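Peer 1: First, the structure itself, so that you have it in front of you.
2 protein chains.
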Amino acid sequence: MAENRYHYQAEMLKALAHPTRLQILELLKGGELCVCKIVPELQMEQSNVSRHLNILKKEGLVSSRKEGLKVFYRLADLRIHDLLEASSELLKIFWERRQKTLV
Amino acid sequence: MAENRYHYQAEMLKALAHPTRLQILELLKGGELCVCKIVPELQMEQSNVSRHLNILKKEGLVSSRKEGLKVFYRLADLRIHDLLEASSELLKIFWERRQKTLV
DNA sequence: TTGCTATATATAAATCTATTCATATAGTAC
DNA sequence: GTACTATATGAATAGATTTATATATAGCAA
Chain L
-9 MAENRYHYQA
1 EMLKALAHPT
11 RLQILELLKG
21 GELCVCKIVP
31 ELQMEQSNVS
41 RHLNILKKEG
51 LVSSRKEGLK
61 VFYRLADLRI
71 HDLLEASSEL
81 LKIFWERRQK
91 TLV
Chain Y
-9 MAENRYHYQA
1 EMLKALAHPT
11 RLQILELLKG
21 GELCVCKIVP
31 ELQMEQSNVS
41 RHLNILKKEG
51 LVSSRKEGLK
61 VFYRLADLRI
71 HDLLEASSEL
81 LKIFWERRQK
91 TLV
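Residue numbers (the working numbering), protein chains in the order written: chain L, -9 to 93; chain Y, -9 to 93.
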């Protein structure tokens, strides 16, 4: 458990590195959303969505507020966009490169 | 195995999301390196380093060339910097935020 | 109070990941 | 050919992650 810089950086990236969690963050780009709006977008149990939201929250990537029975989640910082876009960008580059080498 | 965009993006981020692999990428920022130079930098078995290098390679993040007995690895694309820096940036923001709320 | 709704959590099973040790492969030198 | 070096891989294990099912909690309404 060497808790150096790389350790913490890896923890944050690990929180991002799941298709469901990426999709949740994408949904939240449009603004805060109630869990009750997030669940129907994902083909997945409510309990499971709740766990993924918790993982994002523990890593500080999203925050939430309660309003009656409902809980609304939002991106904790808009600079999360930059990270997601840098990774989309790389993905596109690698994809195109792979296409070329296959032709 | 729903292989959509989020799936591939998550795969790439998962390859990044390990302290050892982040450190390897950091080392490679300085230019290509022989495995024999990478191993001593990491407190870790050679076989394990080899596996981590392979994970990075399979994801397209690094590439390698052979020269005699030695194998040299390098970043596959310099835009990997952007991704790593975006994540460092976020990490710093979250860290500072945490410090403030603890004071 | 009871009943209902929205969200979270406990537990367990299945799957995936990281690690080590031992061994294999590939290249060089003799 | 043998001996040596650098890197990769197989097999086993330990540990972490994801998921589903069931249950718990919290807030509202009557």
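Each residue gets a CB set at the ideal place from its N, CA and C atoms; glycine is no exception.
The model shown is predicted, which means the values in this text are computed figures rather than measured ones.
#1: Spell out whether any CB of chain Y is found under 7 Å from the CB atom of residue 81(L).
#2: Report the residues of the segment 31 to 60 of chain L with a CB closer than 9 Å to any CB of chain Y, ordered along the chain.
#3: Is any beta-carbon of chain L found at less than 7 Å from that of residue 63(Y)?
#4: Residue range of the beta strand (DSSP E) that residue 52(L) falls in?
#5: Spatial neighbours of residue 32(Y) within its chain, please: CB distance less than 7 Å, with the 5 preceding and 5 following residues excluded, ordered by chain position.
#6: So for residue 43(Y), helix, strand or coil by DSSP?
#7: Tell me which residue opens and which closes the alpha helix (DSSP H) that residue 6(Y) is part of.
#8: Grouping DSSP H, G and I as helix and E and B as strand, with all else coil, what is residue 29(Y)?
#9: Might you give, ordered along the chain, the residues of its own chain that have their beta carbon closer than 8 Å to the beta carbon of residue 30(Y), omitting 5 neighbours on each side?
#10: So who's on the other strand from residue 62(Y), going by DSSP bridges?
#11: Measure from the alpha carbon of residue 25(L) to the alpha carbon of each residue in 8(L), 7(L), 44(L), then state which is nearest.
#12: Counting only Cβ-Cβ distances shorter than 7 Å, please list the residues of the segment 9 to 21 of chain L near chain Y, keeping chain order.
#13: Please tell me whether residue 4(Y) has its Cβ less than 7 Å away from any Cβ of chain L.
#14: Note down, in chain order, every chain Y residue with its Cβ under 7 Å from the Cβ of residue 89(L).
#15: Quick check on residue 59(Y): buried or exposed, where buried means 16 or more other Cβ atoms within 10 Å of its Cβ?
#16: As a quick exercise: from -6(Y), -3(Y), 77(Y), pick the residue whose alpha carbon is nearest that of residue 16(Y).
#17: With a Cβ-Cβ cutoff of 7 Å, do residue 69(L) and residue 18(L) count as a contact?
#18: Where does the unbroken alpha helix (DSSP H) through residue 86(Y) begin, and where does it stop?
#19: What does residue 70(L) reach in chain Y if we use C-beta pairs closer than 7 Å?
#20: Got a sec: is the Cβ-Cβ distance from residue 73(Y) to anything in chain L below 7 Å?
Peer 2: To lay it out plainly:
#1: yes
#2: 33, 49, 50, 51
#3: By the rule that beta-carbons nearer than 7 Å mark a contact, residue 63(Y) does not touch chain L.
#4: 52 to 57
#5: 10, 13, 39
#6: helix
#7: -5 to 6
#8: Of the three classes helix, strand and coil, the one that applies to residue 29(Y) here is helix, per DSSP.
#9: none
#10: 24(Y), 55(Y)
#11: 44(L)
#12: Within the segment 9 to 21 of chain L, those residues whose Cβ lies closer than 7 Å to any Cβ of chain Y are, in chain order, 9, 12, 13.
#13: For residue 4(Y), the answer is yes, since a Cβ of chain L falls inside 7 Å of its Cβ.
#14: Here the premise fails: no neighbours, minimum Cβ distance about 12 Å.
#15: exposed
#16: Of the candidates -6(Y), -3(Y), 77(Y), the one whose C-alpha sits nearest the C-alpha of residue 16(Y) is 77(Y).
#17: no
#18: Counting along the chain, residue 86(Y) sits inside the alpha helix (DSSP H) bounded by residues 70 to 92.
#19: 80
#20: Interface residue, yes.
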